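In what follows, a structure is listed as C-alpha cells, so that the remarks can point back to it.
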Amino acid sequence: MTMGVRDSGLTGWRMSTKVRHERLGDNRSGGVRVVVDTSVFLPGVFFGGPPRDVLAGWRAGQFEVVVSPEVLREYVRVGERLSARFPGAEFERVLEMIAANATLVSAPPLPEAVCEDRDDDKFLACAVAAGAGYVVSSDKALLATSPYRNVKVVRSRDFLDML
Numbered sequence: 045m046t047m048g049v050r051d052s053g054l055t056g057w058r059m060s061t062k063v064r065h066e067r068l069g070d071n072r073s074g075g076v077r078v079v080v081d082t083s084v085f086l087p088g089v090f091f092g093g094p095p096r097d098v099l100a101g102w103r104a105g106q107f108e109v110v111v112s113p114e115v116l117r118e119y120v121r122v123g124e125r126l127s128a129r130f131p132g133a134e135f136e137r138v139l140e141m142i143a144a145n146a147t148l149v150s151a152p153p154l155p156e157a158v159c160e161d162r163d164d165d166k167f168l169a170c171a172v173a174a175g176a177g178y179v180v181s182s183d184k185a186l187l188a189t190s191p192y193r194n195v196k197v198v199r200s201r202d203f204l205d206m207l
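The sequence shown begins at 45 in the numbering used here and counts up one residue at a time.
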C-alpha cells in the first residue's frame, strides 16, 4: 500500500512535491528497489565517501529508493540533530529530494523481533513491504540479520560494487 507524504505523520515538515506512487519495476534501474538505512543516508548527506556515492547512484537512476513513514521520521529526527552541528550541509534539500522521488510504502511492523536493536526492524519491514532486494547499511547489528526473507543487508561499498 502506498501513501502520500501528508498521510505519513510528518507534520510540520515542508513538502509540496508528490511522492511517486509504488510501481513495481517502473524505474530506470530495471526494478532494483533499495532501503537506505540512516547510517548510510545521513553520512551521505553530511560527510561523503561511499554513502554519498550511494545517494549519487540513486540520483542517477541506478536504483529506486523505498522509504516508509517510520524511516522518513528517523531521517528527520537524526538529521536535524546533525544539521545543528554541521549547518553547511544540504540536509533539507536532500531530504526533500528523497521525499519527492523515493517510493513511500506503508510498512507494518515485523511480527517478530529480528534486529538486536528492535528500532532497526523498521528498515527490514520497509524492505519486505516494498519487495526491495536490499537494505544498504553500516550498522553491524542490522548487517548481521542478512539475509532476512529475500532481503540482503549490505554495506555501501558492497552495494556500489553490485551496480
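Yeah, the Cβ is synthetic: ideal placement off N, Cα and C, and Gly gets one too. All values derive from a computational prediction rather than experimental measurement.
DSSP, reduced to helix, strand and coil, places L204 within a helical segment of the structure shown. Distances from the alpha-carbon of A157 to those of L148, L186 and V180 put L186 closest. Between the alpha carbons of P113 and F167 lies a distance of about 11 Å. Nearest C-alpha to V172 among Y192, P94, F107 and E134: Y192. Taking C-beta atoms as the reference points, T147 and V115 fail to come closer than 9 Å. At a Cβ-Cβ threshold of 9 Å, R77 and A143 do not count as neighbours.
A distance of 9 Å or more separates the beta carbons of V110 and L139. Linking A151 to T189 through their CA atoms gives a straight-line distance of about 18 Å.
Closest in alpha carbon position to Y178, among G93, E108, D97 and A128, is E108. For V180, the enclosing beta strand (DSSP E) has its first and last residue at Y178 to V180.
A direct Cα-Cα distance of roughly 39 Å separates P131 from N194.
If you compare the alpha carbons of R103, D97, P87 and G105 with that of A133, the shortest gap goes to P87.
For F90, the CB contacts under 6 Å within the same chain, skipping 5 residues up- and downstream, are L126, F130 and A133 in chain order.
For L148, DSSP records a beta bridge to V111.
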